[in-house]
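J.: Numbering (mature numbering (1 follows the signal peptide of the UniProt record, and there is no 0)), first residue to last: -22 to -1, 1 to 390.
This is the structure, below, for whatever I ask next.
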Amino acid sequence: MKIFNISLLVILLCFCVLPINAQIVSSGHSASVNTGQGHPVYLFSDIVTGALSAKEYSDTSIDIEYVWYKYDTGWSQVQSGNSETLNSTLAEGGYRVVYMNNGAPIIEYVCWVFEPKILSAEIESSIFTCETLQQGVVNMATKPLTYYDLTSGAAILLDYEYSYAWSSDPVGDIENSTSAQPSIESPYENTSYSVTISAFEGASAITATNDVEAIAVKAEFEFEPSDREYENEVQNLEGLEGSAPMSVNFTGASMGTITDYEWNFVRDEDGYTYAPHLEPNTNFTFEEVGKYSVTLVVSNINSGCVSSVSKEGLITVKEMDIEAPNVFTPDGDGINDVFYVVYHSVESFKMTIVNRWGRKVFSTTNPGDGWDGKINGKKAAEGVYFYYIEAKGYNEGERMELKNALHLIRGK
């Protein structure tokens, strides 16, 4: 008869139907997973703040006694009564609650509770080239979390679930990456990378750091034409179109530890390459008409990394051109007080201005000079004058002659 009672208990525990709302629930846990046997595992950042309770049995007309057991190497009773809540402080391991009615078991549930801990974390050496950097594997030591197969008694280790949050100093491409081994552009300055590893949605977290010495370089430069001596020499600074000779300052804006610089200036028309400049910042004077491309090559001889940047058709030196107004008003109001030509790419120049009787009143060989409307320091009379201009450009055979009337008008 005793054997029959034991068999009946086993049958009740194994084959009864589980009400959907009858189970062990937890408060205060960070995450939960299931064992291979379908038992919930609750993970806590601080297990003593957690609590377990059995959901109320679906048939409220039945008096239920809740009997709680704790599993270490076997089950031992820790509480019984009509309270669904386990009143004792939680400790790692298994818990079982048996629903009893009049001394007979109705159903039971099992769960496991743990406080996971990442004990240490270390980032292996990064794998990097001149172009990319891949963080090394993060090796971790963790506290083992062991639960048991309740049929065979075999110990089973619970696998940790991790999440990653990367950052760097200085801030870079890796920021906010959640990959275990993110791959990014190689840094151009020494960088400290940090990863915060969280287990089970923050139940445990630790930070590891990896310092990387930069090897990569990246070429970049800025440029600005030198100031022109004369305002009437036409130059489009925005588009870098201007008059020969056109002097341009080039400033290196490259990144990384750079040991060598090489500036190359190429005339686009025929591909002619001028002798390279080897300094970090340089100046180049474009003396011939045409378009020019500029390339900067930088390198780190210690790492072998090389980078270049080319700007095609960056500089345009315009062909010779001269334009002259037909009127000016030297009345001292600051507007159109001097007769100037507007020009670019003039190599040699001669301008003569005469009055209506052919008497010379002004001459110059500098296209930047202008006539202020005076003859020997005295104001010239209003009226018609004539200018004659002969000029030579930088292109072979490039010449220009201009002559026209010029009206001198003084305001009232």
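Heads up, the beta-carbon is just placed ideally off N, CA and C, and yes, glycines get one too.
(1) Shortest alpha-carbon distance to I300 belongs to which of S176, S281, L30 and Y321?
(2) Report yes if the C-beta of D147 is less than 8 Å from at least one heavy atom of the ligand MG; otherwise report no.
(3) Only counting the same chain, and skipping five residues up and downstream in sequence, which positions put a Cβ closer than 6 Å to that of N373?
(4) In this structure, how does DSSP classify I25 when only helix, strand and coil are distinguished?
(5) Could you spell out the range, first to last residue, of the beta strand (DSSP E) harbouring Y44?
(6) Given a threshold of 16 other Cβ atoms within 10 Å of its Cβ, counted over all protein chains shown, does P165 qualify as buried or as exposed?
(7) Would you mind listing the beta strand (DSSP E) stretches within the stretch 178 to 208 that are 3+ residues and don't spill past its ends, in chain order?
(8) Whose C-beta lies closer than 7 Å to the C-beta of W53 among residues of the same chain, with five residues either side of it excluded?
(9) Three-state secondary structure (DSSP) at Y73?
(10) Start and end of the beta strand (DSSP E) containing I367?
(11) Grouping DSSP H, G and I as helix and E and B as strand, with all else coil, what is A(-1)?
(12) Look at V295 and Y270 and say whether their C-beta atoms are less than 9 Å apart.
(13) How many Å lie between D127 and G71 at the Cα?
(14) Ends of the beta strand (DSSP E) at H385?
(15) Decide if Q113 is buried, meaning its Cβ has at least 16 other Cβ atoms within 10 Å, or exposed.
(16) Quick one: Cα of P308 to Cα of I236, how far?
(17) Kindly indicate the opening and closing residues of the beta strand (DSSP E) around E86.
(18) Using DSSP bridges, identify the partner residues of M233.
(19) Could you pull the DSSP bridge partners for S146 from this structure?
(20) Our contact map puts S58 next to L30 with C-beta atoms below 8 Å; I'd like the distance itself, whole angstroms only.
T.: If we stick to the structure as given:
(1) Looking at the Cα atoms, Y321 is the closest of the given residues.
(2) For the ligand MG, the structure offers nothing, since it holds no ligand at all.
(3) The beta carbon of N373 sits closer than 6 Å to the beta carbons of V267 from its chain, once the five residues preceding and following it are set aside; these are given in chain order.
(4) Reduced to three states, the DSSP call for I25 is helix.
(5) Its beta strand (DSSP E) spans residues E43 to Y49.
(6) P165 is buried by the Cβ-count criterion.
(7) DSSP runs (the beta strand (DSSP E)) wholly in the stretch 178 to 208: 182 to 190 and 199 to 203.
(8) Counting only residues of its own chain and dropping the five nearest sequence neighbours on each side, W53 has a CB closer than 7 Å to the CB of Y47 and R74.
(9) Three-state result, Y73: strand.
(10) That run of the beta strand (DSSP E) goes G361 to G371.
(11) The pLDDT assigned to A(-1) is 37, lower than 50, so where the model puts this residue is not dependable; a value taken from the coordinates is nonetheless given after this. In the structure shown, A(-1) adopts coil according to DSSP, grouped into three states.
(12) Their beta carbons are under 9 Å apart, which means V295 touches Y270 by this criterion.
(13) Between D127 and G71, the C-alpha separation is close to 13 Å.
(14) For H385, the enclosing beta strand (DSSP E) stretches over residues R377 to L386.
(15) Sixteen is the threshold: when 16 or more other Cβ atoms of the shown chains lie within 10 Å of the Cβ of Q113, as they do, the residue is buried.
(16) Going from the Cα of P308 to the Cα of I236 covers about 56 Å.
(17) Start and end: A82 to F92.
(18) Answer by DSSP bridge pairing, in chain order: K196.
(19) S146 pairs with Y171.
(20) About 15 Å separates the two Cβ atoms, so there is no contact after all.
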